Amino acid sequence: MSTAVKAPPTTTARDSQSPVLVAMADTFIGGMGHPGSPIRVAASMDETFRRLPSESDRRRLRFIVGVLGRRSGTFLLTGRPVPFHHWSREQRVSVMSAWSISRLAFRRQLFQVFKRLSLLAFLGDTEDDGTNPVWPEIGYPGPVSAPPATPKSIRTTTLDGDTTLSCDAVVIGSGAGGGVVAAELSAAGKDVIVLEEGGYYNEADFNQLELDMMRKLYYQGGFAATSDAAIALIAGGCLGGGTVVNYTTSFRSPDWLREEWANQYGLTAFATDEYTASMDAVYERLGVNAAHNRVSARERVLERGMRRLGWHAAYMPRNVQGCTQDANCGFCGYGCQSGAKQSTLKTYLLDAYRRRARIVVNCKVDQVLIEDGRAVGVRATVRQPEMPAWTLIVRSRAVVAAAGAIGTPALLQRSGLRSPAVGRWLRLHPGIAVLGVFDETLRPWEGSLQAVYSDEWINLDGRYHGVKLESGPMHPAILAHAIPWRDPTQYRRLMRLLPNMSVLAPLVRDHGGGRVTAKDGSARVDYRMGKDDLADIRRGIQAAVQIMEAGGAREIFTGQSAYVAYKPGQRGGIEAFMNEVDRAGYGPGQMGYFSFHQMGSCRMGNDPATSVVGPDHQAHLAKGLFVADGSAFPSASGVNPMITIMAMAHRASRFIAAAC
Ligand SMILES: Cc1cc2nc3c(=O)[nH]c(=O)nc-3n(C[C@H](O)[C@H](O)[C@H](O)COP(=O)(O)OP(=O)(O)OC[C@H]3O[C@@H](n4cnc5c(N)ncnc54)[C@H](O)[C@@H]3O)c2cc1C
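Per the working numbering, residue 5 is the first one in the sequence shown, and the count goes up by one each step.
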């Protein structure tokens with residue numbers, strides 16, 4: 005069923021103030037949509053600017069737009085002393101196309117920023133009536149069902165002025181880690197307060213409109229990236245964190261990982277039955293099962309390829325209950341309308357709430373309060389809709405940082421924790437998209453989010469570094485990260501093929517790491533891929549192409565800016581194609597990377613010089629401060645991390661309860 009769901013417009017400004025942004029939008033969409041589209045897209049870009057949490061990012065982007073609007077600026081950037089918005093579309097397209105594959109990283113970076121800004125808004129934003137003129141052209145239905153009128157089961161705590169509260173434990177962040185800790189501590193009889201920066205949304209809010217949902221449910225509205233714009237950072241940013249938007253794949257921590265953490269990092273607890281019991285408890289509470297992995301058309305062609313090659317192929321365990329596994333399901337990355345996804349909203353947070361935990365949303369913790377080497381609470385800012393900002397102080401015996409692997413290190417740095425390891429060793433499981441066009445209609449936005457995977461290439465070095473091969477739902481706006489843009493005609497051709505596309509996303513278990521630093525109050529992420537990881541990316545691309553070819557694709561291309569495509573049977577075969585991939589490059593802006601799994605930036609270990617928390621999750625340098633989220637991973641998990649994060653948080657709760 006394809007219905008035009010009435011929805012609030014996702015732009016607040018109706019017209020952009022900036023002719024440069026209108027010209028930029030027009031450059032990328034080049035005649036798609038309708039004549040008013042560039043104006044609406046520019047307004048939406050303006051809104052994205054406005055929402056960026058970092059003041060200096062906002063300033064930088066506005067500065068660049070300002071530069072492009074001046075003769076002297078365009079002269080410096082392009083050699084043409086004419087403001088960008090006075091150029092013809094052909095001239096603008098030609099310069100953006102050149103920037104996309106420029107030898108200068110700075111130009112590629114600018115290209116990526118403007119491409120994502122324009123196309124995310126163009127493909128994901130809507131007219132006032134909730135429709136988008138480009139959807140019919142690309143065969144995308146938009147929302148397939150209206151949100152049900154499900155009442156909210158949690159009543160959050162609201163403030164009516166600056167407030168001080170006290171409790172046994174304050175939990176910062178309500179995602180995979182924070183939700184579990186809140187429930188377990190409440191079950192142990194502790195008085196718990198959960199503080200979450202994002203808002204509270206449930207089935208009644210999940211309207212299947214991409215940009216609206218990204219802005220409400222995702223970290224930085226889905227627009228976050230590493231500082232060089234090379235890797236899109238995709239994470240949750242609402243009550244329930246990543247568990248509300250994630251793809252429900254529920255892998256246990258693999259035995260090889262547990263051994264690595266026990267033997268290589270001296271964290272013997274991971275090899276014990278105690279940790280196994282925590283994983284079992286999480287599996288039980290989430291109702292993880294193997295009965296909800298009906299293979300979608302998008303994945304059927306991939307499974308066919310894996311099996312024809314004789315490669316490993318298996319089905320994912322998932323944390324869903326009573327899921328109809330129909331057309332609707334592919335939209336669950338924007339919240340599950342049927343309530344089948346067992347996010348923390350449906351499980352652990354609800355348990356905590358029912359045991360009297362207080363939950364405050366739209367509440368950003370600015371600082372952990374540390375006195376005489378001991379955490380004694382937090383200071384936060386609460387921004388409730390249509391209210392002034394209030395300051396909230398929470399005094400507590402324990403403070404649990406569970407703000408995710410980007411939020412937690414930034415918070416601890418803002419709090420003055422002098423641990424040299426804070427923010428280091430960030431792991432991202434960097435991934436890339438390999439897209440295939442098939443003769444059959446796949447409608448790749450429909451069906452189970454993920455059901456099939458291959459571990460054929462997970463162990464390329466004997467130490468479980470390699471690539472995991474998975475797919476994911478394909479909606480147009482999120483594809484702005486992946487589908488190459490050379491010019492509007494080429495882009496239009498690719499987008500019109502959307503109904504026949506499938507995707508494989510090789511995810512690398514990264515050897516090296518990046519760094520998170522707190523910059524003007526928000527997080528800056530620096531990350532460079534090392535040689536070994538790039539070699540694994542290459543292997544992943546090759547494997548994905550092999551699967552697509554065996555599965556019957558007629559055209560296969562990578563998420564590289566240069567648009568590198570392979571037609572099965574072409575001269576030189578896959579080997580010659582891989583040479584083209586190499587020539588197009590793997591550097592920042594040359595390849596469209598993304599990360600759905602951030603880990604390791606406040607890692608656990610025994611040495612305060614190289615780790616932030618000890619085996620009991622307590623900070624080496626501040627008593628009463630615990631870390632219980634993906635940032636505590638000693639190394640990348642190699643599998644989708646939710647269950648490992650939750651099992652660690654479950655185990656951590658015992659130590660936290662003892663401290664408060
Ligand atoms: C689209 C998508 C699909 C995914 N699919 C899967 C999957 O199928 N299987 C799987 O295992 N993993 C998946 N993941 C990854 C998984 O969801 C995350 O790894 C996991 O949720 C991380 O848990 P966390 O507790 O570390 O952080 P999060 O779940 O991200 O929670 C952190 C929370 O802290 C809040 N916060 C941040 N800073 C502050 C602050 N200063 N004050 C207050 N609150 C703050 C954030 O808003 C957020 O809600 C997916 C992720 C995404 C984005």
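A virtual CB, placed ideally from N, CA and C, is assigned to each residue, including glycine.
Quantities reported herein were computed from a predicted structural model and do not represent experimental measurements.
Own chain, CB closer than 6 Å to residue i, minus 5 neighbours either side, in chain order
i, result
"Thr-7", "Legend: pLDDT at Thr-7 = 31, less than 50; position of this residue unreliable, no value from coordinates given."
"Asn-463", "Gly-470"
"Ala-402", "Ala-173, Gly-628, Ile-660, Ala-663, Cys-664"
"Gly-440", "Ser-506, Met-552, Ala-557, Ile-560"
"Gly-226", "Met-218"
"Ala-486", "Ala-437, Gly-563, Gly-596"
"Pro-321", "Ser-254, Val-292, Ala-294"
"Pro-13", "Because Pro-13 sits at a pLDDT of 39, beneath the cut-off of 50, its placement in the model cannot be relied upon, and the point is left open."
"Asn-136", "Thr-130"
"Arg-289", "Thr-351"
Sequence-distant residues of the same chain with beta carbon closer than 7 Å to residue i, five excluded per side
i, result
"Ile-397", "Thr-168, Gly-381, Arg-383"
"Glu-307", "Val-299, Ala-317, Val-456"
"Thr-31", "Arg-93, Arg-96, Val-97, Met-100"
"Phe-110", "none"
"Ala-266", "Thr-272, Phe-274, Ala-275"
"Ser-106", "Arg-112"
"Pro-57", "Gln-224, Ser-526"
"Leu-498", "Ile-487"
"Ala-11", "In this prediction, Ala-11 scores a pLDDT of 35, lower than 50, which makes its location untrustworthy; the coordinate-derived value is nonetheless stated afterwards. If we look at Ala-11 and ignore the five residues flanking it on each side, its Cβ neighbours are Thr-130, Gly-134, Asn-211, Leu-213, Asp-216."
"Arg-378", "Ala-626, Lys-627, Gly-628"
Contact set for residue i: own chain, Cβ-Cβ below 8 Å, skip 5 residues either direction
i, result
"Gly-270", "Gly-609, Asn-610"
"Glu-278", "Arg-655"
"Phe-442", "Val-305, Asn-504, Met-505, Ser-506, Gly-555, Gly-556, Ala-557, Arg-558"
"Lys-156", "Tyr-204, Asn-206, Ala-208"
"Gly-73", "Ser-22, Pro-23, Val-24, Pro-87, Phe-88, His-89"
"Ala-580", "Gln-574"
For residue i, the residue or residues it bridges with in DSSP
i, result
"Glu-474", "Tyr-457, Ala-509"
"Trp-394", "Val-386"
"Val-324", "Lys-345"
"Glu-375", "Arg-378"
"Gln-622", "Phe-630"
"Ser-599", "Leu-237"
"Leu-56", "Answer by DSSP bridge pairing: none, since Leu-56 is not bridged."
"Met-608", "Val-617"
"Ser-526", "Lys-523"
"Glu-559", "Val-441"
"Lys-368", "Thr-385"
Buried or exposed (CB count within 10 angstroms, at least 16 for buried), residue i
i, result
"Leu-3", "As displayed, the chain neither begins before 5 nor continues past 664, which places residue 3 out of reach and without an answer."
"Lys-535", "exposed"
"Pro-85", "exposed"
"Val-296", "A small correction: the amino acid at residue 296 is His; Val does not occupy that position in the sequence shown. Buried: at least 16 other Cβ atoms inside 10 Å."
"Leu-221", "buried"
"Gln-622", "buried"
"Gly-77", "buried"
"Glu-264", "buried"
"Ala-437", "buried"
"Arg-302", "buried"
"Glu-375", "exposed"
"Phe-88", "buried"
"Leu-108", "exposed"
"Ala-425", "buried"
"Arg-262", "buried"
"Asp-195", "buried"
"Thr-230", "buried"
"Phe-79", "exposed"
Meets three-Cβ-pair contact criterion under 8 Å: the segment 472-488 and the segment 342-361: No contact exists between the segment 472-488 and the segment 342-361.
Cβ pair count under 8 Å reaching 3, the segment 526-536 against the segment 143-161: No, because fewer than three Cβ pairs between the segment 526-536 and the segment 143-161 fall closer than 8 Å, the two stretches do not touch.
Segment contact, 8 Å Cβ cut-off, at least three pairs: the segment 398-411 with the segment 176-184: Yes: at least three Cβ pairs fall under 8 Å.
Three CB pairs or more closer than 8 Å across the segment 109-121 and the segment 229-247: Yes, the segment 109-121 is in contact with the segment 229-247.
Validate contact between the segment 461-474 and the segment 505-514 using beta carbons, cut 8 Å, 3 pairs: Enough Cβ pairs lie closer than 8 Å, so yes.
Contact the segment 416-430 vs the segment 186-193: 3+ CB pairs below 8 Å: Taking a contact to require three or more Cβ pairs closer than 8 Å, the segment 416-430 and the segment 186-193 do not qualify as touching.
Three CB pairs or more closer than 8 Å across the segment 432-451 and the segment 211-223: No, the segment 432-451 does not touch the segment 211-223.
At least 3 beta-carbon pairs within less than 8 Å: the segment 244-252 vs the segment 334-351: These segments touch.
The segment 630-639 / the segment 159-168 touching (three or more Cβ pairs under 8 Å): No, because fewer than three Cβ pairs between the segment 630-639 and the segment 159-168 fall closer than 8 Å, the two stretches do not touch.
Cβ contact (3+ pairs, closer than 8 Å) linking the segment 641-648 and the segment 250-264: Judged by pairs of C-beta atoms under 8 Å, the segment 641-648 touches the segment 250-264, as three or more such pairs exist.
Inter-stretch contact (C-beta, 8 Å, three-pair minimum) for the segment 195-208 and the segment 363-377: With a cut-off of 8 Å, the segment 363-377 and the segment 195-208 count as touching, because enough Cβ pairs lie within range.
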